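Here the sequence shown is numbered in full-length UniProt numbering, starting from 1 and rising by one per residue.
C-beta: ideal position from N, C-alpha, C; glycine also.
Note that the coordinates shown come from a computational prediction; the quantities given were computed from them, not determined experimentally.
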Amino acid sequence: MVAYKSKVVERIQLPSRERRATALEEAGYNVFELSADDVFIDLLTDSGTGAMSDDQWAALMRGDEAYAGSSSFDRLESAVADVMGFEHVVPTHQGRGAENVLYGTLLSEGDVALNNTHFDTTRAHVSNQGADPVDCPVPAAHDPEANEPFKGNFSLERARAVVDEVGAERVPLVILTVTNNSAAGQPVSVENTRRVRAFADEIDAAFVIDACRFAENASFVTRREDEYADATVAEVAREQLGYADALVMSGKKDGLVNVGGFVATDDEELFERCKQRAILYEGFPTYGGMAGRDVAAMAVGLREAVEESYVEDRVEQVRELGAMLEEAGLPVYEPVGGHAVYLDAGATFPGIPADEFPGQALVCELYREGGVRGVELGSFAFPETDRPELVRLAVPRRTYHREHFEHVVETAAAVLERREEVSGLEIVSDPAVPELRHFSAALEPVSAEAPTAVDGGLE
Ligand SMILES: Cc1ncc(COP(=O)(O)O)c(C=O)c1O
């Protein structure tokens, strides 16, 4: 049941078919390069793209812009204490700022960090410290058809194997990402969280939760983990996060704001060290790279994120989009995760090999067909891994309605209908940082490259 109505609206329009084809070509077949004005339904990310509530807009107007000791920061501190259970907060401009502050404090050259799956920026920040990011997903995580309740879990078997190989002294940090964004937004059980806590104690490592989507994760726990069937989302969230030594948070997800983030901890010494690093990279510790008004809006958003009426509708909306796509014949990753529906592009285009990026081909065709923007998370984004060829359709919070989803489904069904005509892509210009190439590499259709007697001069 939808628990909100619109008060402010934004006009959107579907550009003509010709414009879409031109825009795609001009963008180098990389949808990150499209102008948002050329996009009709934007499912590129759920990060910072949602709608704020009237209470958040009201808080924004009352934001305190004091450089030091802002009252907006006091509100954030008490929201983090009430909702997440941590006493100390270091605000940052967004999640990756929090990663820089915390991982820059906890990691050194030669260390190993374990994570159920490192999100792109997490991996990049761990590497930036000279440390090695090692993923420990459960085997089902990368199987689009395994219908298991907690495919986001951390594999202790894999983690133990890594520790046996490198030695516990090289592993000062264990991270748990809830939900597991890079494994199709799949949830992590509280039981798994407890076991990861015990494992971190065993090897004497710090245990950090990447809490970006903590409320969505807690909602899955109440639905799928028997022990929590009668618990509220707010209760589960506090318990699950409470197992960690520290949190990194991107407020752009379950903080329900367009920008912001923070580190939270109860550890005095870690707090002091994080504050020092935050001053260097983010700003004074009571604003941390945000305007006071943004801090104020995030304080309200965190409380709204664990309201049952909000989060149940949120998770249900994403599930419904997945069900509609599945009914239209699209191969959907099962079960549908918290913030996005993932399509299996390998199964959609069995004739396109991994090195011609079937996922990127699907992303381009969704745009060409209906102005729908998704993102590739397969061989293009993750070279040299054996992940499935997924395309993510991320749902911004409190933004789109069923009619928008009907357009997305019609678009995807039309692409499926003409799947035989779709060709793969190849990279024609590559950026310097290979981990981040999907944000800016330019591509072109493989068929456009095929030399012909006319344009290739071959006789
Ligand atoms: C799991 C996870 N961690 C960290 C981040 C980084 O957050 P931000 O985009 O706010 O820098 C993201 C962003 O998508 C994420 O999904």
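Residue i in three-state terms, based on DSSP
i: R368; result: helix
i: H88; result: strand
i: M249; result: strand
i: I209; result: strand
i: D455; result: Low confidence applies to D455: its pLDDT is 37, below 50, so where it sits in the model is not reliable, and the reading given next is rough at best. It is coil, neither helix nor strand.
i: E18; result: helix
i: Q94; result: coil
i: N115; result: strand
i: S127; result: helix
i: E239; result: helix
i: A439; result: Sequence check: residue 439 is Phe here, not Ala. In this structure, F439 counts as helix in the three-state DSSP scheme.
i: T265; result: strand
i: Q13; result: coil
i: N180; result: strand
i: V446; result: helix
i: F382; result: coil
i: E145; result: coil
i: F154; result: strand
i: V428; result: strand
i: L24; result: helix
i: D64; result: coil
i: V2; result: coil
i: D164; result: helix
Neighbourhood of residue i by C-beta distance below 8 Å, restricted to the same chain and skipping five residues each side
i: N181; result: T117, F119, C212, R213, H339
i: E449; result: Residue placement at E449 cannot be trusted, given a pLDDT of 49 that sits under 50; the coordinates are not used to answer.
i: C326; result: According to the sequence shown, residue 326 is Glu rather than Cys. If we look at E326 and ignore the five residues flanking it on each side, its Cβ neighbours are V332.
i: S35; result: A23
Buried or exposed (CB count within 10 angstroms, at least 16 for buried), residue i
i: N147; result: exposed
i: E417; result: exposed
i: A394; result: buried
i: G251; result: buried
i: V341; result: buried
i: G110; result: exposed
i: T177; result: buried
i: P358; result: buried
i: P139; result: exposed
i: R11; result: exposed
i: L390; result: buried
i: V2; result: exposed
i: L280; result: exposed
i: G167; result: exposed
i: K7; result: exposed
i: Q13; result: exposed
i: S429; result: exposed
i: E376; result: buried
i: K5; result: exposed
Opening and closing residue of the alpha helix (DSSP H) in which residue i lies
i: E202; result: 190 to 202
i: A305; result: 292 to 305
i: I352; result: Per DSSP, I352 belongs to no alpha helix (DSSP H) and is neither H nor E.
i: A414; result: 402 to 417
i: F220; result: 214 to 224
i: E327; result: 308 to 327
i: L60; result: 54 to 61
Neighbourhood of residue i by C-beta, 7 Å cutoff - its chain only, sequence neighbours within 5 removed
i: R319; result: V336
i: G104; result: Q129, R277
i: E421; result: none
i: E99; result: T121, T122, H125, V248
i: A88; result: In the sequence on display, residue 88 carries His and not Ala. Result list for H88: A264, T265, D266, F271, in chain order.
i: A291; result: G63, E65
i: V163; result: V171, I203
i: K275; result: V90, P285
Close-in-space but distant-in-sequence residues of the same chain around residue i (CB under 6 Å, 5 per side omitted)
i: D294; result: V259, G260
i: A200; result: V174, F207
i: F257; result: The sequence given here places Val at residue 257; Phe does not occur at that position. So the qualifying residues of the chain are G251, A297, M298, G301.
i: residue 478; result: Outside the displayed range of the chain (1 to 459) lies residue 478, so it cannot be described from this structure.
i: A218; result: V233, V236, A237
i: Y132; result: For the record, residue 132 in the displayed sequence is Asp; it is not Tyr. Hits under 6 Å: V112.
i: G456; result: Residue placement at G456 is poorly supported in this model, since its pLDDT is 34, which falls under 50; the coordinates still yield a value, given next. Excluding residues within five positions, none has a Cβ falling inside 6 Å.
Boundaries (first-last residue) of the beta strand (DSSP E) holding residue i
i: V422; result: Run containing V422: none; DSSP gives neither H nor E here.
i: D344; result: 340 to 344
i: D135; result: 132 to 135
i: A394; result: 390 to 394
i: L377; result: 375 to 377
Practice problem: Take every Cβ of the region 183 to 195, pair it with every Cβ of the region 282 to 301, and state whether three or more of those distances are shorter than 8 Å. | Solution: With a cut-off of 8 Å on Cβ pairs, the region 183 to 195 is not in contact with the region 282 to 301, counting fewer than three such pairs.
Quiz item: Taking contact to mean at least 3 C-beta pairs separated by less than 8 Å, is the region 392 to 406 in contact with the region 40 to 50?
Solution: Verdict: yes, contact present.
Quiz item: Taking contact to mean at least 3 C-beta pairs separated by less than 8 Å, is the region 221 to 230 in contact with the region 55 to 72?
Solution: Result no; under three Cβ-Cβ pairs closer than 8 Å.
Quiz item: Is the region 434 to 445 close to the region 375 to 392, with three or more CB pairs under 8 Å?
Solution: yes
Quiz item: Within the chosen definition, does the region 230 to 248 reach the region 15 to 33 through at least 3 CB pairs nearer than 8 Å?
Solution: Output reads no: the region 15 to 33 does not touch the region 230 to 248.
Quiz item: Is the number of C-beta pairs between the region 11 to 21 and the region 344 to 352 that are closer than 8 Å three or more?
Solution: The region 11 to 21 makes no contact with the region 344 to 352, as fewer than three CB pairs between them are under 8 Å.
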